[in-house]
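Data first, discussion second: the structure below is written as structure tokens.
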Amino acid sequence: MSQAATGRVQWTIADVDLLAADEWKRYEIIDGELFVTRAPHWGHQDTVGNVYAELRTWSQSTRRGRAVTTPGIIFTETDSVIPDVVWISTDRLTVLLDEAGHLTGAPELVVEVLSLGTTNERRDKEAKLKLYSIQGVQEYWIVNWQLQQVEVYRRENAQLVRVATLLVEDEITSPLLPDFCCPIERFFA
Numbered sequence: 006m007s008q009a010a011t012g013r014v015q016w017t018i019a020d021v022d023l024l025a026a027d028e029w030k031r032y033e034i035i036d037g038e039l040f041v042t043r044a045p046h047w048g049h050q051d052t053v054g055n056v057y058a059e060l061r062t063w064s065q066s067t068r069r070g071r072a073v074t075t076p077g078i079i080f081t082e083t084d085s086v087i088p089d090v091v092w093i094s095t096d097r098l099t100v101l102l103d104e105a106g107h108l109t110g111a112p113e114l115v116v117e118v119l120s121l122g123t124t125n126e127r128r129d130k131e132a133k134l135k136l137y138s139i140q141g142v143q144e145y146w147i148v149n150w151q152l153q154q155v156e157v158y159r160r161e162n163a164q165l166v167r168v169a170t171l172l173v174e175d176e177i178t179s180p181l182l183p184d185f186c187c188p189i190e191r192f193f194a
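With the numbering used here applied, the sequence shown covers 6 to 194.
This is the structure:
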């Protein structure tokens, strides 16, 4: 942990390694700021599982890449996150997976399912959106299991821009995932 010229504490991945291991807490660092969250709500986890299942099924049938839940992504010493679901192409996976089993760069698709609370929601909709945009994520889905909707962000002019808000009666597709088409309602079944 270092102190920036602004007087703000800068957390690093080395600092997190020194914290007591607790399976019920998730530690993430965004721009040197430490975020600690508790185990998510059942509805959150059920939604994560449904999104993952849809992406995994498509990935297995096409062999274009892999879907994974809660992978560690270490972008820098001060930017380390654990998104809910990612999809990464086979080519990128071979380059970005380190010996410790963490990604060291941006997967093509990141999915965050909103956790309860305004602090958690702001982290996913602001801090993580900014981080994923800076780091080169191509597409970002913010899934709201309570409202049963999905905000879709895609890379335009070097940043992630919201292109759609999909409701339960809509279907989601992606230029990253040819022929992938999923009714949004399956995410919340």
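C-beta: ideal position from N, C-alpha, C; glycine also.
Query                                                                                                                                                                                    : Result
So, helix, strand or coil for L114, using DSSP?                                                                                                                                          : strand
Is A91 near V115, with beta carbons less than 8 Å apart?                                                                                                                                 : First, the amino acid is wrong: residue 91 is Val here, not Ala. Yes; because the gap between Cβ atoms is below 8 Å, this pair is in contact.
Inspect the beta-carbon positions of P112 and V142 and report whether they are closer than 8 Å.                                                                                          : yes
Could you have a look at A132 and say whether DSSP puts it in helix, strand or coil?                                                                                                     : helix
Bridge partners for D84 per DSSP, in chain order?                                                                                                                                        : T81
Could you check whether L136 and D84 sit closer than 8 Å to each other, using their CB atoms as the reference points?                                                                    : yes
Identify, in the order they occur along the chain, each residue of the same chain with its Cβ nearer than 8 Å to the Cβ of E82, setting aside the five sequence neighbours on each side. : T17, I18, A19
Give me the DSSP bridge partner(s) of R31.                                                                                                                                               : T42
For the alpha helix (DSSP H) that contains W63, what are its first and last residues?                                                                                                    : 47 to 67
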